[in-house]
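A.B. asks: Chains P and C are the protein sequences, given in the same order. Going by this note's numbering, the first residue of the first sequence is number 3, and it counts up by one from there. Going by this note's numbering, the first residue of the second sequence is number 5, and it counts up by one from there. Glycine included, each C-beta is placed from N, C-alpha and C at the ideal position. Remember, predicted model here, so these are calculated numbers, not experimental data.
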Amino acid sequence: MIHFSRRLALKSALVCALAGTFFNTAVAADADTVLRVSAIPDEAPTELQRKFAPLGKYLENQLGMKVAFVPVSDYAAVVEALASDKLDLAWLGGFTFVQANIRTKGTAIPLVQREEDARFTSKFITADPNIKTLADTKGKVFAFGSPSSTSGHLMPRYFLLQDGIDADSDFKKVAFSGAHDATVAFVASGKADAGVLNASVWAKLIDQKKVDAKVRVIATTPPYFDYNWTVRGDLDPLLIKKIEAAFLKLDASNPEHAEILGLQRATKFIPTKKENYAGIEQAAKAAGLLK
Amino acid sequence: MKHPRDPAAPGRAAALLLAIVILWPLGVIGEFHPWTLFEAQNLRVMGGFLAAFLPPAVGGEFLAHLGRATLETLAIATAGIALAFVLAVPLAMATTQALSVSRIGPGPGRRRGEWLRAALRVVLVVLRGLPELVWALLFVRVFGLGPAAGVLALGLTYGGMLAKVYAEILESGDSRPARALLEAGASRLQALCYGLLPGAAQELTSYTVYRWECAVRASVVMGFVGAGGLGQLMDQSMRMLNGSEAASILLTFLVLVLAADALSGLLRRQLGETDGRAGALAFGRRSSLWLLLLGSALLASYLWLDLGLAALLSAAALASMAAYFGAFFPLDLSPDWLASVAWGALETVAISALGTLLAAAAGLLLALPASGRYGQAFEQLTRFLLNALRSVPELVWATLMALAAGLGPFAGILALALHTSGVLGRLFAEALQNAPPRPRDALLEAGTPSASAFLYGTLPEVSPQLIAYSLYRWEMNIRMAAILGFVGAGGLGQLLYVKLSLFQYPQASTVIAAMLLLSVAVDAGSAWLRRWLASPGG
């Protein structure tokens with residue numbers, strides 16, 4: 003018995019000491035030398051990672067520092083991570099930016115957006131031959147993307163409301179598919195009578211011929227501001243300038259840049275500002291998603 | 005063919021009628037529409053997805069991902085159990101009646117000791133009352149993405165569970181040596197080491213190893229909320245509807261769970277053997293070897309995960325944590341929201357009840373061949389099927405079923421039914437094998453057809469056991485049903501997930517409180533039911 007406890011104590015002390023040393027070194031190595039980047043998972047996160055690889059390399063060259071991509075499977079986690087300084091740069095949707103702006107008490111800075119994001123739209127889709135207009139979706143099962151999504155939830159919900167359809171009371175059931183690709187799968191299989199997704203992902207799926215022939219678009223939303231690249235407010239201002247410049251410098255006529263822009267589905271990046279997202283904040287309040 | 009009337013018929017008919025009356029509304033709440041599964045459109049989409057399962061993905065890059073995720077899952081489980089152990093030991097020591105000084109006689113600290121013990125018991129209830137997935141979802145937000153959240157979530161829930169079971173094991177043994185030591189002035193630690201451990205060590209270790217096995221399954225699942233490991237990979241592949249990747253990941257689950265099963269079985273058998281020798285807690289070469297292995301596994305886990313626990317405990321981190329949890333109070337108790345939460349809770353109960361019932365029926369059907377009634381080949385085949393069903397966690401089934409049955413409670417029912425029929429089928433098969441053969445043999449000799457001989461000769465012998473197993477799983481499934489909503493399968497989980505996504509924390513904390521209440525109610529209810537079933541009148 004005595005042997006047992008003594009040996010155990012010795013061993014555990016050894017293990018603890020060893021483990022302790024490793025922790026400390028691991029922590030010290032991080033922080034200043036690495037730019038931590040993430041993106042809201044509105045598409046499959048592995049896809050995001052693949053899309054990010056050439057952009058990450060480009061940023062490493064331009065900024066002269068290591069760039070690490072942190073994959074996530076939860077929108078809100080990106081916002082919390084940005085607010086608690088666990089991320090430096092993040093690709094946010096319009097609504098997630100509004101949430102991040104509130105969670106960081108207005109310190110988060112939206113830097114750049116794709117030219118396409120200044121006039122973004124969502125597509126309402128169905129596979130049901132009897133649904134011809136938005137009004138026909140009343141009393142049906144309707145699929146949004148993620149609850150935190152701008153183009154897959156907030157803006158469509160807002161525009162539905164303006165058309166006199168309250169998503170909370172007028173649908174038989176509301177389902178959250180979690181991602182734009184998944185929404186199409188649910189509508190195609192008849193799991194949802196109708197659904198809505200972002201126009202850019204819809205275009206991609208059509209290009210890749212991944213959409214069942216029966217699925218068709220019944221309506222498109224008016225344009226609104228969506229995605230942007232946001233940095234946390236207390237990042238070194240010099241570094242912020244460099245990041246912004248690196249994005250703005252991307253030029254489709256340069257073949258190396260063209261690959262990056264192609265993967266981001268952008269023609270080019272343009273500067274953006276907080277005021278662009280005031281409309282989204284109002285929509286979120288009107289739709290009851292923000293209090 | 006004339007048979008004498010079954011004397012038990014009226015009672016059985018009444019029970020059947022009662023069951024239908026209770027189950028009908030549950031079916032409505034749970035949106036139990038099995039026919040939708042077989043609609044042509046649905047079969048086509050599912051068929052396309054399942055066809056993509058073959059061949060499983062074996063690309064180099066993907067396999068590297070898979071290998072890393074598997075190691076991460078194992079490391080999260082191991083590190084999580086280690087943390088749970090560290091938490092559980094002092095909590096068990098403080099709460100167990102076997103080490104209670106105040107019970108020995110009235111002393112100055114008696115009242116205080118009782119209060120402390122009661123308060124700690126409440127802490128334990130909260131720790132294990134919330135599923136680890138809920139903890140993980142909360143921690144992912146505070147501690148950032150990655151395995152640290154998973155390790156802490158496992159550590160807390162399993163810490164609560166281990167502490168409770170440790171305390172019970174210590175109480176169930178002979179407490180006289182410890183009491184004698186305490187009366188002679190020994191400290192609690194001394195009384196534990198010399199009075200209680202020699203008798204209880206084997207059972208304690210065995211339970212801890214069993215929990216590690218459970219932790220492997222749990223850590224697979226926690227990836228779904230972003231806490232790293234295989235679950236995260238599965239979530240990603242499912243969202244892309246990438247069947248071949250999903251197939252590879254499912255196969256990895258199967259291998260991992262069966263291996264953990266086998267290793268845990270081996271370890272526990274080893275413990276059983278050492279018991280036979282003279283020393284109560286023999287500490288020979290073999291135990292040293294195990295301990296060394298355990299130590300290196302722990303060290304490797306921590307190194308692999310690169311947790312950076314020190315950074316989590318800095319003042320700034322603690323402050324942001326406090327602010328985060330502060331936002332959850334006060335709870336939203338407006339009547340509208342309470343009504344939604346109550347409906348969610350009802351949906352959760354309906355999902356669990358129907359899922360368990362389906363599982364019990366399917367489990368019984370599978371248990372017949374699995375118990376060897378139809379020969380060796382069938383036995384092996386069904387046993388493999390049962391293992392496969394049970395090795396895929398409920399949440400993973402739920403993501404698959406959400407595709408087959410649509411988002412909503414029905415997917416949850418199917419998910420629970422699939423996993424649980426694997427578990428119950430195995431238990432049922434064992435019960436059937438151990439059933440006394442005489443009544444059945446007597447009936448067979450009297451010329452009864454074999455189906456009737458089973459119904460009237462075997463089933464009555466084992467049915468109390470089957471019912472007890474099913475009730476126990478139902479209890480676990482209520483907790484599980486509460487979280488299936490994270491992947492869109494209805495119930496409380498869906499409410500929680502949506503509210504957390506929208507940062508509406510006061511509403512989220514009402515849902516968490518409801519989950520906790522449900523869990524406590526289930527605990528109390530099942531304890532009562534077990535007593536009632538065990539009592540002679542029941």
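1) Once DSSP output is grouped into helix, strand and coil, what is the label at P:S124?
2) Look at P:N200 and P:Q115 and say whether their C-beta atoms are less than 8 angstroms apart.
3) Assuming P:L252 and P:I262 form a contact by the criterion Cβ under 8 angstroms, report the distance between their Cβ atoms to the nearest whole angstrom.
4) Roughly how many angstroms lie between the CA atoms of P:E283 and P:K293, to the nearest whole one?
5) Would you say P:L240 reaches chain C, if we count a Cβ-Cβ gap shorter than 8 angstroms as a contact?
6) Comparing C-alpha positions only, which one of C:L422, C:A354, C:M325, C:L307 sits nearest to C:P29?
7) From the DSSP output, in three-state form, read off P:G154 for me.
8) Compare the Cα-Cα distances from P:G197 to each of C:L78, C:M484, C:L411 and report the closest residue.
9) Which runs of the alpha helix (DSSP H) at least 4 residues long sit entirely within the stretch 307 to 377 of chain C? Give them in chain order.
10) Short of 8 angstroms Cβ to Cβ, which residues in the stretch 146 to 168 of chain P face chain C?
11) Listing by chain order, which chain P residues have their CB less than 7 angstroms from the CB of C:S324?
12) State the DSSP-derived secondary structure class of P:T98, mapped to helix, strand or coil.
13) In angstroms with no decimal places, state the Cα-to-Cα distance between C:A392 and C:T74.
14) Would you verify that the beta carbon of P:L291 is, or is not, closer than 8 angstroms to some beta carbon of chain C?
15) Relative to the C-alpha of P:V233, which residue among P:N103, P:K68, P:A78, P:Q64 is closest?
16) Between P:D76 and chain C, is the shortest Cβ-Cβ distance under 8 angstroms, so that the two count as touching?
17) Would you report the Cα separation of P:V100 and P:T274, rounded to the nearest angstrom?
18) Which of the three DSSP states, helix, strand or coil, is assigned to P:A30?
19) CB C:A182 to CB C:L103, shorter than 8 angstroms?
20) Quick check: the Cα distance between C:E187 and C:A472, rounded to an integer number of angstroms?
21) Assign P:R121 to one of two classes, buried (16 or more other C-beta atoms within 10 Å of its C-beta) or exposed (fewer than that).
22) Have a look at the DSSP bridge pairing and note the partners of P:F71.
23) Which partner residues does C:Q1 have in the DSSP bridge list?
24) Under 9 angstroms Cβ-Cβ, which residues of chain C neighbour P:Q101?
25) Counting contacts by CB-CB distance shorter than 8 angstroms, is C:G492 in contact with chain P?
26) Taking 8 angstroms as the threshold, find out whether the stretch 145 to 155 of chain P comes into contact with the stretch 204 to 216 of chain P through three or more Cβ pairs.
27) Tell me, please, whether the stretch 216 to 233 of chain C touches the stretch 68 to 84 of chain C by the rule of three or more beta-carbon pairs shorter than 8 angstroms.
28) Does the beta carbon of P:F188 sit closer than 8 angstroms to a beta carbon anywhere in chain C?
29) What residues of chain C sit near P:S124, judged by a beta carbon separation below 9 angstroms?
30) Starting from P:I111, trace the beta strand (DSSP E) in both directions and tell me its first and last residue.
31) Using DSSP bridges, identify the partner residues of P:I272.
32) I'd like the span of the alpha helix (DSSP H) that includes C:G117, first residue to last.
33) Are there 16 or more other CB atoms within 10 angstroms of the CB of C:F329, so buried, or fewer, so exposed?
34) On the three-state DSSP scale, how would you describe P:R218?
35) Just list the residues that DSSP pairs P:L91 with in beta bridges.
36) Measuring only the C-alpha atoms, how far is P:P131 from P:D168?
C.D. replies: In brief:
1) strand
2) no
3) 6 angstroms
4) 10 angstroms
5) no
6) C:A354
7) helix
8) C:L411
9) 313 to 316, 319 to 330, 339 to 374
10) S148, P149, S150
11) S86
12) helix
13) 18 angstroms
14) yes
15) P:N103
16) yes
17) 14 angstroms
18) Any reading at P:A30 must be qualified, since the residue scores a pLDDT of 36, below 50, and its modelled position is unreliable; the value itself is stated next. Of the three classes helix, strand and coil, the one that applies to P:A30 here is helix, per DSSP.
19) yes
20) 41 angstroms
21) exposed
22) P:V39
23) With chain C represented from 5 up to 542, any question about residue 1 of chain C goes unanswered, as that position is not in the structure.
24) L506, F507
25) yes
26) no
27) yes
28) yes
29) The contacting residues do not exist; P:S124 stays about 18 angstroms from chain C at best.
30) 111 to 116
31) P:Q115
32) 114 to 133
33) exposed
34) strand
35) P:V39, P:V233
36) 23 angstroms
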